[in-house]
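Residue numbers (my numbering), protein chains in the order written: chain A, 1 to 212; chain B, 213 to 424. Just so you know, even glycine gets a beta-carbon here, dropped at the ideal spot from N, CA and C. Only a predicted model underlies this, so the values are computations on that prediction, with no experimental measurement involved. Please read the structure below before turning to the comments.
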DNA sequence: GCGTAACCCTACGCACGAGTAGGTATGCTC
DNA sequence: GAGCATACCTACTCGTGCGTAGGGTTACGC
């Protein structure tokens, strides 16, 4: 009596992706705690024990979401910013790829990402990703600096890179909240804030507080 | 038999502050959801029904925390950045006040703030505060621009301001995570990132993507 | 000294949601 | 077509934590 087979008995790999899709969706719109495993299961068109069997606990599930989305984003960026280009061009392409990605996954990534910043269990996971980005940006700055024959203390470089990454994340939030906004244009604006300032630094222009 | 009166029967205003102190502390270290009203009450040296009687639901309590801390911060900034100063000086004093505040409330404010970004119910509350900041910064930029005889579309101005505020928030996070870091120095670094770039924009220097 | 209003408590009800026990059906291999 | 693994389900347990009912005690006005 297998008259209506169609939507059943799929291989594990497929179901896992469906579950992750559903999880990203639900976590995004509800937040980690407010999201229930029941809703995720229902949204994935499957029953709860299956989710536990394949992806484990709620926390593990969330981490899996972060991992998948994070990896996709990193790949998008890495694929765009070839390491043999000049610093400004790399920065530009990286930013464009980043905002393009966020624009294409507005409710997915950006909200998931915002969640992770707050909850202790995931802050570490996220910090790792951010650290990789900061390292890349700091490396770019350092490289450009050496080309100019200058040097800056590593800490300063890291903090500047951190600020740039932070500004970028904020604009990503902004982009996620403004569906009408254009990712490309946002990238251009970020480039203006970031690169014009950074270029000054690279040329040895420094702002100092007045002695008061 | 009132031999040990000391720590009992305090007036409402005092108890409310104690409760808020406790709530900020617990929300900060546990996060909104993981924090329990029982723990907050215990930490405030009072019983749970009192908290409900004075400050209302858990959500209302959290909002009250946000409000108190946010107001304090805004006052700290407003008190430092007099509106009749030149833009760069205002920016500098504002930043110094901001990082000073965060430095003095590392585990209080910064963590509370991070929480609020993620949870939908509070995102709005926080957005309002951020919007006020963005408005101030954008106003400063606009003012400085007009003094130079230039103009920029309001949207662009807002986005730039948003990016600057975002970068500042990120450095605040960084500061909160690095207890050894100096707020003053952090403010200087932020000033370098922000002002050097902004000053370029003010002078009409603009970065544009190459036609490819 | 007596009422009344504030302050404060010890319990509990109750819903919600994470995680599981235990069982059924379907395809695949030989 | 028997055996086995994999996909899948319904229906529970059980802890946790929000919010409250209902009652006690200290101050303060008169």
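Discussion item. Tell me the DSSP secondary structure of residue 86 of chain A in three-state form.
Written reply: coil
Practice prompt. With 8 Å as the threshold, decide whether the Cβ of residue 9 of chain A is near any Cβ in chain B.
Written response: no
Worksheet item: So what does DSSP say about residue 32 of chain A, is it helix, strand or coil?
Response: coil
Fill in: Residue environment, residue 317 of chain B, which counts as buried when at least 16 other CB atoms sit within 10 Å
buried
Worksheet item: residue 320 of chain B and residue 114 of chain A: beta carbons closer than 8 Å?
Response: no
Fill in: Exposure label - residue 401 of chain B; buried when at least 16 CB within 10 Å
buried
Worksheet item: What three-state label does DSSP hand residue 259 of chain B in the structure shown?
Response: coil
Worksheet item: Is DSSP giving residue 360 of chain B helix, strand or coil here?
Response: coil
Discussion item. Just to confirm, is the Cβ distance from residue 127 of chain A to residue 375 of chain B under 8 Å?
Written reply: no
Worksheet item: How would you write the range of the alpha helix (DSSP H) that residue 8 of chain A sits in, first residue to last?
Response: Where residue 8 of chain A is concerned, there is no enclosing alpha helix (DSSP H), given that its DSSP letter is neither H nor E.
Worksheet entry | Stretch-stretch touch, CB-based, cutoff 8 Å, three pairs: the region 39-51 of chain A with the region 341-348 of chain B | no
Worksheet item: How about residue 409 of chain B: is its C-beta nearer than 8 Å to some C-beta of chain A?
Response: yes
Fill in: Uninterrupted alpha helix (DSSP H) stretches inside the region 108-192 of chain A (no shorter than 4 residues)
111-118, 120-147 and 154-177
Practice prompt. Could you tell me the boundaries of the alpha helix (DSSP H) in which residue 67 of chain A lies?
Written response: 58-80
Fill in: Reference residue 333 of chain B, options B/372, B/391 and B/271, closest by Cα
B/271
Worksheet item: Grouping DSSP H, G and I as helix and E and B as strand, with all else coil, what is residue 204 of chain A?
Response: coil
Worksheet entry | Inter-stretch contact at 8 Å, needing at least 3 Cβ pairs: the region 392-406 of chain B / the region 153-160 of chain A | yes
Worksheet item: By Cβ distance, which residues of its chain are closer than 7 Å to residue 240 of chain B, with the 5 residues on each side in sequence left out?
Response: 319, 320, 323 and 324
Worksheet item: Mind checking residue 10 of chain A: buried by the 16 CB within 10 Å criterion, or exposed?
Response: exposed
Worksheet entry | Own chain residues within Cβ distance below 6 Å of residue 50 of chain A, not counting five before or after | none
Practice prompt. Under the assumption that residue 150 of chain A contacts residue 197 of chain A (Cβ atoms under 8 Å), give the Cβ distance between them as a whole number of angstroms.
Written response: With a Cβ gap of about 16 Å, residue 150 of chain A and residue 197 of chain A do not count as contacting.
Worksheet item: Quick one, are the C-beta atoms of residue 267 of chain B and residue 231 of chain B less than 8 Å apart?
Response: yes
Item to complete: Taking the CB atoms as reference points, tell me whether residue 87 of chain A and residue 144 of chain A lie closer together than 8 Å.
Response: yes
Worksheet item: Which value, in whole angstroms, describes the spacing of the CA atoms of residue 21 of chain A and residue 53 of chain A?
Response: 17 Å
Worksheet item: In chain A, which residues lie less than 8 Å from residue 382 of chain B when you measure between Cβ atoms?
Response: 162, 163, 165, 166, 167, 169 and 170
Practice prompt. With distances taken Cα to Cα, identify the nearest neighbour of residue 101 of chain A among A/171, A/199, A/146 and A/140.
Written response: A/171
Worksheet item: Per DSSP, what kind of secondary structure is residue 41 of chain A in: helix, strand or coil?
Response: helix
Practice prompt. Buried or exposed for residue 220 of chain B, please, with buried defined as at least 16 other CB atoms from any protein chain shown within 10 angstroms of its CB.
Written response: exposed
Discussion item. At the level of alpha carbons, what is the spacing between residue 393 of chain B and residue 387 of chain B?
Written reply: 6 Å
Item to complete: Output, in chain order, the set of chain B residues within a Cβ distance shorter than 9 Å of residue 119 of chain A.
Response: 243, 245, 246, 327 and 330
Worksheet item: Of the choices B/372, B/225, B/311 and B/243, whose alpha-carbon is the least far from that of residue 390 of chain B?
Response: B/311
Worksheet entry | residue 85 of chain A to residue 93 of chain A span [Cα, whole Å] | 10 Å
Discussion item. Taking the straight line between their C-alpha atoms, what separation do you get for residue 335 of chain B and residue 140 of chain A?
Written reply: 34 Å
Discussion item. For residue 347 of chain B and residue 79 of chain A, I'd like the C-alpha separation in whole angstroms.
Written reply: 37 Å
Item to complete: Assuming residue 275 of chain B contacts residue 252 of chain B (C-beta within less than 8 Å), just tell me the rounded distance between them.
Response: The Cβ separation is near 14 Å, so there is no contact.
Item to complete: Please state if the CB of residue 96 of chain A and the CB of residue 184 of chain A are separated by a distance shorter than 8 Å.
Response: yes
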